[in-house]
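Data first, discussion second: the structure below is written as structure tokens.
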Amino acid sequence: MEFWNTYFNKLLKYPRTPFPPMSPLSHILGSFLATFTGISIVGLLTWEANIFSSYNNAPVILGAFGASSVLIYVALESPLAQPYNAFVGGTISGFIGISVGKVFDALCEHNTDYLWLQCALAVSLAIVGMMLTRSVHPPGAATALISVTSGQHIRDIGYFFIVSPILLGTTIMIIVAVLFNNVLRKYPMYWIFHKPKPMEFDGIKVSNSLTSATKPSQDINIPMTETTPSFASEIKLEAAERRIRELEEKIAMLESCSVTQ
């Protein structure tokens with residue numbers, strides 16, 4: 001009974017947090033221009049230039065780039081929007097989606113046989129792959145789904161689908177993001193993940209596992225809209241205070257263990 005009370009309390013009770021304010025008009029205009037430019041380029045390369053006509057007309061544009069635009073041109077501070085996540089998450093998801101399609105093509109008479117199962121496997125395995133590599137990128141899951149539901153054309157492209165549209169299209173979108181976003185804002189927050197150095201407190205070295213709260217986490221609630229500096233500062237201050245409390249608890253636990261020994 002206690003489990004269900006806790007479960008429903010999570011649904012019914014929530015902290016009263018201020019609603020994110022509207023982004024400044026300059027940021028809205030910047031996001032529009034960046035999105036328009038990025039999507040225009042990959043669209044032109046797909047339908048006007050048709051640069052991969054010899055590779056089964058492989059596209060440069062991908063439906064998942066619409067979702068990527070929201071992240072890399074709007075929610076710049078989100079861990080999900082960083083180049084590492086876009087490249088690694090998209091590549092892993094594309095590889096898994098194409099692989100699932102090939103397995104079912106070999107086992108089934110038609111590529112639409114058990115399509116529901118192909119979709120479920122592609123998306124769920126892609127999510128696991130991104131979580132294991134700390135490259136969670138929501139459009140990556142869409143990429144995996146697209147690769148098994150877009151018909152024979154995409155299946156004929158095969159693993160070249162990873163080269164284009166995934167890698168080539170993502171590269172173009174990221175270049176546009178870097179050029180536009182750094183006019184008024186900052187992007188990226190980082191290029192790749194790196195393990196933080198161990199911290200020392202009074203001569204006691206605390207391992208990375210104990211300082212995990214200081215790592216950039218992909219489970220942090222990052223506002224998906226551009227925030228004003230004051231609101232963003234409040235969020236960062238609250239997160240810092242929470243991390244300090246967690247570290248103090250871990251240090252106290254270490255000290256108590258050393259005393260007992």
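Each residue of the sequence shown is one higher than the one before, starting from 1 at the first, in full-length UniProt numbering. Using N, Cα and C, we set each Cβ at its ideal position, and we do this for glycine too.
Q. What residue range is occupied by the uninterrupted alpha helix (DSSP H) comprising serine 69?
A. 64-73 is the extent of the alpha helix (DSSP H) around serine 69.
Q | Proximity to valine 183 [Cα-Cα], best of Pro18, Tyr73 and Gln152 | A | Put simply, of Pro18, Tyr73 and Gln152 the residue whose alpha carbon is nearest the alpha carbon of valine 183 is Tyr73.
Q | 3-residue-minimum beta strand (DSSP E) runs that sit fully inside the segment 111-197, ordered along the chain | A | Within the segment 111-197, no beta strand (DSSP E) run of at least 3 residues lies entirely inside it.
Q | Rounded straight-line distance, which links the Cα of arginine 243 to that of isoleucine 41 | A | Cα-Cα distance, rounded: 42 Å.
(Q) How far does the alpha helix (DSSP H) with isoleucine 41 in it extend, from its first residue to its last? (A) From DSSP, the alpha helix (DSSP H) with isoleucine 41 extends over 25-44.
**Q.** isoleucine 61 versus glycine 169 - alpha carbon distance
**A.** Looking at the backbone, the Cα of isoleucine 61 and that of glycine 169 are separated by about 6 Å.
Q) Going along the chain, which residues of its own chain have a beta-carbon closer than 7 Å to the beta-carbon of residue 283, five neighbours each way excluded? A) In the structure as shown, the chain starts at 1 and stops at 261, and residue 283 therefore has no counterpart that could be examined.
Q: Return the chain-ordered list of same chain residues with a C-beta closer than 8 Å to the C-beta of leucine 33, the five sequence neighbours on each side being excluded.
A: Here leucine 33 has Phe180 as same chain residues with Cβ atoms under 8 Å from its own Cβ, once five neighbours each way along the sequence are excluded.
Q: Tell me, to the nearest whole angstrom, how far the beta carbon of isoleucine 92 is from that of glycine 140; I am working on the premise that it is less than 8 Å.
A: That belief holds up - the Cβ atoms of isoleucine 92 and glycine 140 are roughly 7 Å apart, short of 8 Å.
Q) For isoleucine 127, which residues of its own chain have a beta-carbon under 7 Å away from its beta-carbon, when the five flanking residues on both sides are left out? A) The beta carbon of isoleucine 127 is closer than 7 Å to those of Ala141 in its chain, skipping five residues each way along the sequence.
Q: Decide yes or no for the touch test of the segment 110-119 against the segment 160-169: beta carbon pairs closer than 8 Å, at least 3 of them.
A: Output reads no: the segment 160-169 does not touch the segment 110-119.
Q: Tell me whether the beta-carbon of phenylalanine 52 lies closer than 9 Å to the beta-carbon of methionine 173.
A: In terms of Cβ geometry, phenylalanine 52 and methionine 173 do not form a close pair [threshold 9 Å].
Q: Taking isoleucine 96 as part of the alpha helix (DSSP H), name the residues at either end of that continuous run.
A: Where isoleucine 96 is concerned, the enclosing alpha helix (DSSP H) stretches over 90-107.
Q | Residue range of the unbroken alpha helix (DSSP H) whose run includes lysine 13 | A | If you look at lysine 13, you'll find it isn't in any alpha helix (DSSP H); DSSP assigns it neither H nor E.
Q) Are the Cβ atoms of leucine 121 and valine 100 separated by less than 9 Å? A) In this structure, valine 100 lies closer than 9 Å to leucine 121 by Cβ.
Q: Excluding the 5 residues preceding and the 5 following methionine 189 in the sequence, name in chain order all residues of the same chain whose CB lies nearer than 7 Å to its CB.
A: The residues are Glu77 and Gln82.
Q) To the nearest whole angstrom, what separates the beta carbons of phenylalanine 161 and isoleucine 96, a pair I think is in contact under 8 Å? A) That pair is no contact at about 12 Å.
(Q) Let me check you understand the geometry: is the CB of lysine 186 closer than 8 Å to at least one non-hydrogen atom of the ligand FMN? (A) As presented, the structure is devoid of all ligands, the ligand FMN included, so that no description of it is given.
**Q.** Distance, arginine 245 Cα to leucine 107 Cα
**A.** If you take the alpha carbons of leucine 107 and arginine 245, they lie about 54 Å apart.
Q. Nearest-angstrom Cα distance between aspartate 156 and arginine 185?
A. Approximately 41 Å, taken between the alpha carbons.
Q. Assuming asparagine 56 contacts asparagine 50 under a Cβ cut-off of 8 Å, what Cβ separation, rounded to an integer in Å, is found between them?
A. Between asparagine 50 and asparagine 56 the Cβ distance is about 11 Å, and since that is not below 8 Å, they are no contact.
Q) Less than 9 Å separating the beta-carbons of threonine 171 and glycine 94? A) Not in contact: threonine 171 and glycine 94 (Cβ atoms no closer than 9 Å).
(Q) So, for valine 88: in the same chain, excluding its five sequence neighbours on each side, which residues have a beta-carbon less than 7 Å away from its beta-carbon? (A) Its chain contains Thr133 and Ser135 as the residues whose beta carbon lies nearer than 7 Å to that of valine 88, once the 5 sequence neighbours on both sides are disregarded; these appear in chain order.
Q: Tell me, to the nearest whole angstrom, how far the beta carbon of histidine 137 is from that of glycine 90; I am working on the premise that it is less than 8 Å.
A: So it is a contact: roughly 6 Å between Cβ atoms.
Q | Assigned secondary structure, serine 78 (DSSP; H/G/I helix, E/B strand, else coil) | A | Note: serine 78 maps to coil in three-state DSSP.
Q: Report the three-state DSSP secondary structure of isoleucine 61 (helix, strand or coil).
A: Three-state DSSP puts isoleucine 61 in coil, outside helix and strand.
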